[in-house]
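Visitor: Before anything else, here's the structure in question.
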């Protein structure tokens, strides 16, 4: 279908407005991180790097960054293992309840984050803490993030498996290779790029998660987004918050960009 010149102009203008609505505020935050005025007067009366120096010297953001990295790596590791196994099982085998399991796997990312957070907090307070002695902390953050990171890896691997089909694996089996050998020499090399893309996207999603983290984090396990939220309305911390926000945006963009470069369309499909 061909669009008229007027329709193309209207769609282009609408697209520019949407992008501006999303990215102009990010640009304002980046500029304010160099604003010499502590009250963020606009336009900035001058520029300084003192807020960046203060942010790198502050202990709170560094501790929160370390917790975010640990949580992201832990959730990504769990998501890679479980998401890949689920994708292989649901793509390569037929069994009773297959479609129901597929819905249950994808459901966590479709649910509102606050619902997932409340459910996880209830499990922590009523089961994990009194029965197993596991209180809210880094472990519960990792488990909470893994619930939706699994979906990212699952969708990514499933998309790749659907395009590959099963002919190469069947040929490997016909030549006498055992299932593990087939996976190691045929399936895994073909899935490698989608696994890397899924892992990067899962880490990026975990790194900037705040809703579920609010319900699963303990007092000594503050992630970087939680630190930003808690210090957002403190006048003395506002300039440092802008710097940390800029760093968080950059760190979140990189894995998504790299995932798209490595996984191509798989990276896009995993977000749907």
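Numbering (full-length UniProt numbering), first residue to last: 1 to 272. Backbone N, C-alpha and C define an ideal beta-carbon position, used for all residues, glycine too. The structure displayed is predicted, hence computed values, not measured ones.
#1: Give me the Cα-Cα distance between residue 95 and residue 75, rounded to the nearest whole angstrom.
#2: Could you tell me which residues DSSP puts in a beta bridge with residue 35?
#3: In terms of residue numbering, what span does the alpha helix (DSSP H) encompassing residue 162 cover?
#4: Answer with buried or exposed for residue 216, where buried requires no fewer than 16 other C-beta atoms within 10 angstroms of its C-beta.
#5: Considering just the uninterrupted stretch of the alpha helix (DSSP H) at residue 180, what are its terminal residues?
#6: Under 7 angstroms, do residue 67 and residue 144 count as touching if we go by C-beta distance?
#7: Just the C-alpha distance for residue 63 and residue 141, rounded to the nearest angstrom, thanks.
#8: Using the Cα positions of residue 114 and residue 98, report the straight-line distance between them to the nearest angstrom.
#9: Quick check on the DSSP output: the alpha helix (DSSP H) that includes residue 230 runs from which residue to which?
#10: Short of 7 angstroms in beta carbon distance, which residues of its chain neighbour residue 266, apart from the five on each side in sequence? Order them along the chain.
#11: Tell me where the alpha helix (DSSP H) around residue 70 begins and ends.
#12: So what's residue 251 in DSSP terms, helix, strand or just coil?
#13: To the nearest angstrom, how far is the alpha carbon of residue 166 from that of residue 92?
#14: In this structure, how does DSSP classify residue 208 when only helix, strand and coil are distinguished?
Guide: According to the structure shown:
#1: 28 angstroms
#2: 47
#3: 138-164
#4: buried
#5: 179-182
#6: no
#7: 15 angstroms
#8: 28 angstroms
#9: 224-231
#10: Residue placement at residue 266 is flagged as unreliable, the pLDDT there being 46, under the threshold of 50; the coordinate-derived value follows with that caveat. Hits under 7 angstroms: 156, 159, 160, 194 and 197.
#11: 59-92
#12: helix
#13: 8 angstroms
#14: coil
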